[in-house]
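Structure, as structure tokens:
There are 2 protein chains.
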Amino acid sequence: MAKKHAETDALTVEELICFALYSANHAMNKAYKPHLTALGLTYPQYITLTALWDRDGITVGALCDRLLMETSTITPILKRLEAQGHVERKRGKEDERQVFVHLTASGRALEAKAPEITACIIDDTGVPQAKLEKLVQDISAMRDSLERVD
Amino acid sequence: MAKKHAETDALTVEELICFALYSANHAMNKAYKPHLTALGLTYPQYITLTALWDRDGITVGALCDRLLMETSTITPILKRLEAQGHVERKRGKEDERQVFVHLTASGRALEAKAPEITACIIDDTGVPQAKLEKLVQDISAMRDSLERVD
DNA sequence: TACGTTTATATCGTGTGCGATATTAATGAC
DNA sequence: GTCATTAATATCGCACACGATATAAACGTA
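Chains as they are written, first to last, in the working numbering: chain A, 5 to 154; chain B, 5 to 154.
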């Protein structure tokens, strides 16, 4: 049985939703690591590629919106993906401020590895498919609520 | 209705549990930021303090175990907390390899701020208490399963 | 006691992440 | 058309986060 707290008591770190997310995110990163190291990718690089596999040739800004990240985070990741030959960046013709990100053959080829990695990770979570889909929905809804605040 | 995928299709980034955790963790960090900036703390520093409020005077290693982090991450955080005067580090007497971390009056005083911050964040999640507690349990269970793998 | 091994913590290099700022291009008011 | 403003992306400084390595203390075995 869980320990009871009075209203004024601070919660234990393990009882905080922030720590649950914080530590689960690190654990997920760690679970992906062996799969991604084999491909020469980091976790954020892989997530960036996943967004591009679904929607290629979008602008840096659109990619930031999709991943909920700042340009100061995405730009260096794209530079490393470009250095590895997985993406190309092209200035827009009509609007030269925009930069469009395109997958190369190499970057597109990595997509074929994703389903097996995903299957491994899903297995590692120990959560059955149906429950996992619900969990993704609940966590995403919470994230969206947090995003709306500021 | 959600888009259907064949078994061989890759999932959209939004459908991946890894992205749900990744983005929710960033959103949580962002939600805490104004509260913590007012105290001169960062998010990892606050989480570290939360662990110490519950169990003070433990070793660096025990703190790493509790937070599921590496010593290479915790040591610099402790150095910054020490520089701010919130904690003190003392070498063990019997075993001089160990370093014990103790809260100062300043570090202990911050605990009083925690309940109100927690209440704000819980409100920001938009998730009712009971459901949030279940969510914490589900996410923690998944994290523990992921940790057991490697 | 000497010395190889293990243990606890710290340091270093690389890659995020973000806020603040810079840079360059497009836009708008006149 | 000029110039202030806005918009899209990049750069910089600071703080994680971790793997690899270093350091120093404790331990084990001969």
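C-beta atoms are modelled at their ideal positions from N, C-alpha and C, and glycine is treated no differently.
DSSP, reduced to helix, strand and coil, places K117(B) within a helical segment of the structure shown. Sequence-distant partners of N33(B) (beyond 5 residues in either direction) whose C-beta falls short of 7 Å from its own C-beta, in its chain, are Y47. Taking a C-beta cut-off of 7 Å against chain A, the contacting residues of the region 39-56 of chain B are I51, T54, A55, listed in chain order.
Within 7 Å of the CB of L15(A), the CB atoms of chain B belong to T122, in sequence order along the chain. Residue range 91-95 is occupied by the beta strand (DSSP E) that includes E92(A), with no alpha helix (DSSP H) assigned at that position. In the assembly as shown, S76(B) is an exposed residue. Its beta-carbon has fewer than 16 other beta-carbons within 10 Å. Using a 10 angstroms sphere on the CB of D142(B), the tally of other CB atoms reaches 16 or more, which defines it as buried.
Considering only beta carbons, the part of the region 134-151 of chain B lying closer than 7 Å to chain A consists of L136, L139, V140, D142, I143, S144, M146, R147, S149, L150, E151, in chain order. Taking a contact to require three or more Cβ pairs closer than 8 Å, the region 119-139 of chain B and the region 35-44 of chain B qualify as touching.
Relative to R112(B), the option among K138(B), L139(B), E74(B), E92(B) whose CA is nearest is E92(B). L82(A) and E98(B) have their C-alpha atoms some 51 Å from each other. Within its own chain, no residue has a Cβ closer than 7 Å to the Cβ of P132(B) once the five positions on either side in sequence are excluded. Within the DSSP secondary-structure output, L139(B) pairs in no beta bridge. Neighbourhood of E86(B) in chain A, by CB distance below 8 Å: empty, with the nearest CB roughly 19 Å away. Residue pairing of I62(A) in beta bridges, as defined by DSSP: V105(A). By a beta-carbon distance limit of 8 Å, T52(A) does not contact F104(A). Their separation comes to about 14 Å. Per DSSP, M73(B) is not a residue of any alpha helix (DSSP H), being assigned neither H nor E.
With the criterion set as a beta carbon lying under 9 Å from some beta carbon of chain A, the members of the region 17-39 of chain B are V17, E18, E19, L20, I21, C22, F23, A24, L25, Y26, S27, A28, N29, H30, A31, M32, N33, K34, A35, Y36, K37, P38, in sequence order. With its beta carbon less than 8 Å from one in chain B, I125(A) belongs to the interface. Per DSSP, T16(A) lies in no alpha helix (DSSP H) and is assigned neither H nor E.
Within the region 57-73 of chain A, contact with chain B at the beta-carbon level (separation under 8 Å) is assigned to W57, D58, R70, L71, L72, M73.
Counting C-beta atoms within 10 angstroms of its own C-beta, E19(A) has 16 or more neighbours from the protein chains shown and is therefore classed as buried. Spatial neighbours of T108(A) in its own chain (CB-CB distance under 7 Å, excluding positions within 5 residues in sequence) are listed in chain order as G89, H90, V91, E92. Going by C-alpha positions, G44(A) is about 31 Å away from D148(A). One finds A14 in chain A with Cβ atoms closer than 7 Å to the Cβ of E115(B), taken in chain order. Taking C-beta atoms as the reference points, A14(A) and E115(B) count as a pair closer than 8 Å.
One alpha carbon belongs to D58(B), the other to P80(A), and they sit about 39 Å apart. Against T75(B), chain A offers no close residue; the least beta-carbon distance is about 14 Å (beta-carbon pairs closer than 8 Å). Where L25(B) is concerned, the enclosing alpha helix (DSSP H) starts and stops at 21-41.
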